[in-house]
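See below for the structure under consideration.
6 protein chains.
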Amino acid sequence: MRLTPCDFNRFTQSNLLKTNFGGAEANVAVLLSSLNIPSKFITKLPNNDISKSAIEFLRQHNVDTSEIVFGGDRLGLYFLEQGIGYRPSKVIYDRQYSSFSMSSFSDYDWEKIFKDVSWFHISGITLALNDNLFNICLEALKIAKSKNIKVSFDINYRKSLWSKEKAKETILKIIKYVDICIGNEEHLQMIFDTHDLDRDKHNELTHCGYLQLCKQIDAIHKFEKIFITMRRTVSSNHNKFSSMCYTENNHYFSRWYDITDILDRVGSGDSFSAGVIYSIISKYDIKDILEFASSACVLKHSVNGDICDIRKEEIEDLAFGQMNGRIER
Amino acid sequence: MRLTPCDFNRFTQSNLLKTNFGGAEANVAVLLSSLNIPSKFITKLPNNDISKSAIEFLRQHNVDTSEIVFGGDRLGLYFLEQGIGYRPSKVIYDRQYSSFSMSSFSDYDWEKIFKDVSWFHISGITLALNDNLFNICLEALKIAKSKNIKVSFDINYRKSLWSKEKAKETILKIIKYVDICIGNEEHLQMIFDTHDLDRDKHNELTHCGYLQLCKQIDAIHKFEKIFITMRRTVSSNHNKFSSMCYTENNHYFSRWYDITDILDRVGSGDSFSAGVIYSIISKYDIKDILEFASSACVLKHSVNGDICDIRKEEIEDLAFGQMNGRIER
Amino acid sequence: MRLTPCDFNRFTQSNLLKTNFGGAEANVAVLLSSLNIPSKFITKLPNNDISKSAIEFLRQHNVDTSEIVFGGDRLGLYFLEQGIGYRPSKVIYDRQYSSFSMSSFSDYDWEKIFKDVSWFHISGITLALNDNLFNICLEALKIAKSKNIKVSFDINYRKSLWSKEKAKETILKIIKYVDICIGNEEHLQMIFDTHDLDRDKHNELTHCGYLQLCKQIDAIHKFEKIFITMRRTVSSNHNKFSSMCYTENNHYFSRWYDITDILDRVGSGDSFSAGVIYSIISKYDIKDILEFASSACVLKHSVNGDICDIRKEEIEDLAFGQMNGRIER
Amino acid sequence: MRLTPCDFNRFTQSNLLKTNFGGAEANVAVLLSSLNIPSKFITKLPNNDISKSAIEFLRQHNVDTSEIVFGGDRLGLYFLEQGIGYRPSKVIYDRQYSSFSMSSFSDYDWEKIFKDVSWFHISGITLALNDNLFNICLEALKIAKSKNIKVSFDINYRKSLWSKEKAKETILKIIKYVDICIGNEEHLQMIFDTHDLDRDKHNELTHCGYLQLCKQIDAIHKFEKIFITMRRTVSSNHNKFSSMCYTENNHYFSRWYDITDILDRVGSGDSFSAGVIYSIISKYDIKDILEFASSACVLKHSVNGDICDIRKEEIEDLAFGQMNGRIER
Amino acid sequence: MRLTPCDFNRFTQSNLLKTNFGGAEANVAVLLSSLNIPSKFITKLPNNDISKSAIEFLRQHNVDTSEIVFGGDRLGLYFLEQGIGYRPSKVIYDRQYSSFSMSSFSDYDWEKIFKDVSWFHISGITLALNDNLFNICLEALKIAKSKNIKVSFDINYRKSLWSKEKAKETILKIIKYVDICIGNEEHLQMIFDTHDLDRDKHNELTHCGYLQLCKQIDAIHKFEKIFITMRRTVSSNHNKFSSMCYTENNHYFSRWYDITDILDRVGSGDSFSAGVIYSIISKYDIKDILEFASSACVLKHSVNGDICDIRKEEIEDLAFGQMNGRIER
Amino acid sequence: MRLTPCDFNRFTQSNLLKTNFGGAEANVAVLLSSLNIPSKFITKLPNNDISKSAIEFLRQHNVDTSEIVFGGDRLGLYFLEQGIGYRPSKVIYDRQYSSFSMSSFSDYDWEKIFKDVSWFHISGITLALNDNLFNICLEALKIAKSKNIKVSFDINYRKSLWSKEKAKETILKIIKYVDICIGNEEHLQMIFDTHDLDRDKHNELTHCGYLQLCKQIDAIHKFEKIFITMRRTVSSNHNKFSSMCYTENNHYFSRWYDITDILDRVGSGDSFSAGVIYSIISKYDIKDILEFASSACVLKHSVNGDICDIRKEEIEDLAFGQMNGRIER
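Sequence order for the protein chains is A, B, C, D, E and F. Going by our numbering, the first sequence opens with residue -9, and the numbers climb by one from there. Going by our numbering, the second sequence opens with residue -9, and the numbers climb by one from there. Going by our numbering, the third sequence opens with residue -9, and the numbers climb by one from there. Going by our numbering, the fourth sequence opens with residue -9, and the numbers climb by one from there. Going by our numbering, the fifth sequence opens with residue -9, and the numbers climb by one from there. Going by our numbering, the sixth sequence opens with residue -9, and the numbers climb by one from there.
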């Protein structure tokens, strides 16, 4: 559950918090469901009415909640202070000791969970929470792999959750089970220890530099596909966004978007992931995969909350058409 | 009545709707009243407390409501989802079967309505609702014409209300009763079937192209004045706006405005129309008519709701002065 | 107390007012307290629950309220309509006849007030309210000077409170007691009657012109330091900001900030003053004083209310680091 | 969709409407789902985002929405002004011309709808909307009967929807297909034309009178069970409630509840119906059926919206335990 | 303008104030207008947008605002903290120095004001504000009397505005111009110095005592009619109310109302006055005058704000029918 | 921090939570500070902006926060669903693993904490959290005792925090350090295992029974004073309240209050405790102690939030005067 002061108030100014439910993997599941890909969300929740609200929220968005396990003391929370102009957004995590973070491998019925499943998505945030969760994920990944389930992994590094060293060491342990790797340029460089990349005069990677980055990763582990998201932060409400996809034989850079009047940026990376999964499942070509996923990511910035409440037609209009803010009437 | 989710929520996210009253002709009447031009609004409303609210709203803004007729089942509604950034605004109309749309010519006492009236304004939206309303309007226009009342018509084409063919056929039937024709470039081209207009490399009409457009219209019907509004949509919250006026002997292009941080765009065209009517009645010259009307239109973007709650001094400051966002204190 | 319609509504559209407490000197005291400079606020308030709220607000922000005097009829109010885009903000003052504006010199125990005090800050708004307050201030300044207390004065000219002539005449009477003078370029020119300043083709002062301005002021009165704030208003939500500091032997121009998505501009000048006082007390050099004060001023634009609820680290990050709107998580 | 002014404002005072979804049969379905009785809701909705919200709402509450049909122009609305003290609540219906009310028998796939269904519930409001809907219901009832599906019918007479004569004539046509008949004393007397019932000095029916009422109905049609709800309205926020069940060989009167501080009374009758259906399916005895259903009805008065968001344990605590408003902590 | 913290918050808890317009005479004018008695409101307002809102509010409710005069500095305000249970409501007046309270007799064009006027109503609050206003009222009353305009006066004693002695002395100066005198039992006893009234064992006046009260007043001045309102305060949300009318030859006591769940009590006395004026103008008999006025007063308790937004049918239903809180649908 | 859904919504209905700060001992400290008894609050908080808000809240209410210690991961939370009518309030605690509950004895500088302190108050909730906190409390009590600091203890049993057996065993270990014991009748019976108390026909304790209860406790431990609060719950919004005080030589029963329209009951017991402490410090006699404390408790029910934002005069008016809900104006 996210708790957000209203009207761009600071934490210290607010006595009213908007709540919504989300989380990296949940956000991916919701958007996939809304794109008509049946999705299931796995977690452990305490047996109370806050959890009931979370489950009703997922069910409203057509996510299968039948494998959610009950027990433990609390639902993980985080507080979000929305930034504006020169003031950045701030997150206070309160997810330690949650039912999920203290759950054990045996809480989950993995055979049932993976029955008829063709894709398994996991976020680096989950690995970061504690060693226990890392081990659960690792075992789950092994099972998934043994069942030929496709695995996507979004690095999602958060410096307040773990150190760079810990992240690097941990993530390198799981990449062998991962088919699709998603991350931003900074985190990919950090995890894979890349070097000597080509940069322009503003010290930004050039296209050539991005390719070098992918090739150095490829030398460490041959992912089926690497996706890089590129974000330039002009201000809290103004970002620029593009992305890149790399495969052994091919690569593609999406168009750049100039995202002004950002309403809510949280979850935009998860929309990108969902867009990637959807369009791979739909057998789009590399260009369309990337434009669809980028469009989903960009449109998320215009939606309140963690999830991307956007229709497939809207993503397509922006990705492939010329939607630009006219009133539809 | 317009129903709008708060805080840029999507329809599917909202359980709270802001309401306000408006409608093309009502918006024009409210701004004219606030500019001290006595105005009267004609419609038919059901006899309930929602209508009472609508009437109190008009009365608050000094619009004469004495000729509003009561009966029928419902007040026309529309739902507006406000867009932001790359997400466009969306309108869901729910105005079918309204008391007004199902009213008949004989519901209204046209002699009383037109008594001491010097100007009659009508919007294309009204014609679009159904054939019945078209016929009422047509008869009303004939009476107005017979009484030497000046008639302004705003094309206001809405593709969700009627097809291009139907609009074209219908509008061409009434133009002979119209003195002042207002529309945007796209709708004017469509209705009057213009062709071979001069365009720049971005495929936008050049000044020369706009003149050609007006001249081709002039060849079909000699309006006293043609007003063209020009809007470039950068994003949901950022538009550029200019306008043009054409008369047989003269024409003028207003300055371009760069409208950022749009609060509410609905009704801005109606503010333009009211600005046109006010400044023609006030015998402004063509340049001042156009700058006044454009300023009214531009300022509307900074006001919540359908109506333009802006003072005459504020319109003049922007049109003719240098108002630019300093705090007035 | 400030009363502000919600959601950018106009006064005439609103039936809900957000309230917050502030005022030029109070805003300075709050930011200084939050920067760990013990601060005391002097005023006179009526003995009612609105005042109690004001005092609780100051106490919450660690301002010493023990010298506030009680009596009289009312707390000064002002109504703020927040502008957007081309529509400027509007202030309606309702501070006449307040307890403070009708207080007398003997209401305050100046010996106690100035005990252990090293700095005294005063705003031109206070002088503007009436002759009575001017005289209280004048006497207080004399006492402060006699005790070697450093005095800063922010011109803060408001045309709705007094005429230019009155302001000029009054302010010139007190400058001999002032060490640090703060003002914007327009007000400084007006008060000190400067002339023949160097300007660029847009008629803006050049760096050379600013220096001439300071030197002409210096010829009238030798302030310890002169601070000039420079603001260019692009729209209600978009300003550009820079500042300058002049001392007999030195001067410095801060970087220019491009402030978009302004949330609340009121009190930004007071944040600048507090930044100046803090960094002088902290013995920063001229460059750091100016960058710290400018950063405080710029960040204020992203905070609701009159006060600057910003941490020292945040001001430093923007002034000396590279904070630019990334989410901190 | 229900639209309700906030904070007990009158329609004419409100510019903010709370929305929620509901409707007699939908309310029954939601409570049954929450009691773990799989439920399906049948209607026709326009293909827009308002309908999408309605469907998400039902799905959130676990109601099967797979048989909902799309088409037509509008979703039925109603406006509710919540009364307080001596001021009664007011409803403005705006459900004419809705997709549902204009739907036809062939829009629905009855074989699929009734597959594996054991209970069919219908409300008198649906019959009241128009002859078309009555005929659809009549045919559906015949099919249900032919498949040995149990049928419950809640009279739910609304004087603004149809006349007493029309209601009587219509309802008598369908009772032969009904097993469980639910109604309040006033409507039952009206529909079944009962006479000479025993009354006390306040002119209220005595227990004996209620029995006479049921016996006279029984003489007209032998329902499996008749349920009578009894409500005494002290004020808008204070009602008294009891109920009675009659079968050929048995009858029972529930305890009287004194319902103060009513939050939202709409849908309480539907909660009674759901309670009846649940406890009959659960094979409760007549006493427990009635106390469970009454408790569900009474608790609904403490829940905002049309649906009864109450847990089974809470209904049982009130029905069979001693829950009385202590904080549960 | 009234400013009220939301949701029963105390002044010290609130940062959001609901605003509405009202005032003793304005409230009377609004209800009379809504009862189709053309009404005019006289005051002086500053020339700003807060006043514009006040005027739009009156115009919305059909009150003639054409004689309102502009000038001066401020609109009178008051802050209302709504009580609940054992905590009483609290008012902080901030109406000193208002444009109205500092206006002079010559600001108003009395010939124009009283043209075609048949009734003049005045409240004791206006007399209480200061001597200046008392003198304006006194002169206005003389003119009204000279024109045979009927005068009603509501004592409306407020202890925070003046002392008992001052009120008594002042009010006795104007009673000779008053035809209809309205007050509660406590204030009438105080102003007219009554004595030895018959009381029951709870020390409440008996019917006989009320008659003695009226007769003693009658001995001092022969009013056409005396109205006494009787209120028993059980708690902030629960009052009992009745009223009495006395004429030389007749008297009547209305029924007692038990008013629970009070939403907003302010202005209920003004609704009583408006009810009195309306029903005297409508030539009701003494019983109907009193029941109508009491009903208007009682219903006001269920309406937010100072004015009584209630329809004539609703007042009649409660006064003469059996409206008791059923939903009207 | 308490998180409460608005407008009596259930947890599952709400996407907006009101926040406020409180806690048993904090509530006592705030009311004592507002009664001019200097108070200090001891806890451990994480070093983030949520804690900063909590501290600002305490400082606003004049509570000394200088001994609050920083560290650990989280601030304890609880969610409150406000009941209404037959629906009881519900609390979901989320205070496990809070910085305070995981703090150690050595985190606190007890010499500094108890310097110049004359009274130490502790609540049973703190003991209930875990054994660690119990031990810290036990040690602190020993130090307090050794310094002749008076100790009050409020049993505050919460069944969701610990079992009866655990509570009994734990509390009996600390009573030797307690001078003033406060509890409700049910908890006192449970902890002290009382038996054979005199009861009336409704099974409620008689006055005689309460005396027996106190005497049996007295036989176990000779407290200086025992306070018993007595609450009868009619519904969520309607309670009855009284209290009793017992000393070796004396006892007193306060009047019964009928508390309707309860706004917020949480913290009312803490207001009673603060009232007890205040009036003992103020050397009130036993009757006045009890009436003052009861009045504080009763008035709390009319204030939103955990703390009792009530003035001393208001408590006295209800305790000793005749305040009953009249508007104070």
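For each residue, glycine too, the CB sits at the ideal point set by N, CA and C. The model shown is predicted, which means the values in this text are computed figures rather than measured ones.
- Of D:D106, D:R77, D:L187 and D:I297, the smallest CA-CA separation from R0 of chain D is found for D:R77.
- The continuous stretches of alpha helix (DSSP H) do not include D183 of chain F, and DSSP gives it neither H nor E.
- Closest in alpha carbon position to K166 of chain F, among F:Q202, F:S142, F:V224 and F:S292, is F:S142.
- Residue burial annotation: T196 of chain B is exposed, with fewer than 16 other C-beta atoms found within 10 angstroms of its C-beta.
- Of all residues in the segment 28 to 46 of chain B, only N38, D39, I40, K42, S43 and E46 place a beta-carbon less than 8 Å from a beta-carbon of chain D.
- Excluding residues up to 5 positions away in sequence, K34 and V59 lie with their Cβ nearer than 6 Å to the Cβ of D97 of chain C in the same chain.
- Between S89 of chain A and L65 of chain A, the CB-CB gap stays under 8 Å.
- Residue pairing for T250 of chain C: DSSP places it in no beta bridge.
- With at least 16 other beta carbons inside 10 angstroms of its own, W152 of chain B counts as buried.
- Linking Y268 of chain D to F243 of chain F through their CA atoms gives a straight-line distance of about 49 Å.
- When Cβ-Cβ separations below 8 Å define contact, F90 of chain E makes no contact with chain C.
- Ranked by Cα distance from S91 of chain C, the options C:N37, C:I82, C:N38 and C:L123 are led by C:L123.
- Within the DSSP bridge table, the entry for M220 of chain E names E:S232 as partners.
- Assigned with DSSP and collapsed to three states, C204 of chain F falls in helix.
- For G114 of chain C, the enclosing alpha helix (DSSP H) has its first and last residue at G114 to L119.
- Following the DSSP letters along the chain, one finds T(-6) of chain B inside the beta strand (DSSP E) bounded by residues R(-8) to P(-5).
- Within the same chain, Cβ atoms closer than 8 Å to the Cβ of F110 of chain D are found at F104, A130, L131, A134, I139, K140, V141 and S142, the five residues on either side in sequence being excluded.
- With fewer than 16 other Cβ atoms from the protein chains shown falling within 10 Å of its own Cβ, D183 of chain A counts as exposed.
- Judged by DSSP secondary structure, T160 of chain C falls within the alpha helix (DSSP H) whose first and last residues are K154 to I164.
- Within chain C, the residues N38, D39, I40, K42 and S43 have their CB atoms less than 9 Å from the CB of F1 of chain E, given in chain order.
- Along the segment 44 to 65 of chain E, going in chain order, the ones with a CB nearer than 8 Å to a CB of chain B are E46, F47, R49, Q50, H51 and N52.
- For I172 of chain E, the CB contacts under 6 Å within the same chain, skipping 5 residues up- and downstream, are D144, F217 and S263 in chain order.
- The beta-carbon of D(-3) of chain E is placed less than 8 Å from the nearest beta-carbon of chain F.
- Classified as exposed, E303 of chain F has fewer than 16 neighbouring CB atoms from the shown chains inside 10 Å of its CB.
- Taking a 10 Å sphere around the C-beta of N240 of chain E, we find fewer than 16 other C-beta atoms and assign the residue as exposed.
- With a cut-off of 8 Å on Cβ pairs, the segment 22 to 30 of chain B is in contact with the segment 45 to 54 of chain B, counting three or more such pairs.
- Boundaries of the alpha helix (DSSP H) around C287 of chain D: I276 to K290.
- Looking at the backbone, the Cα of T160 of chain A and that of D188 of chain A are separated by about 28 Å.
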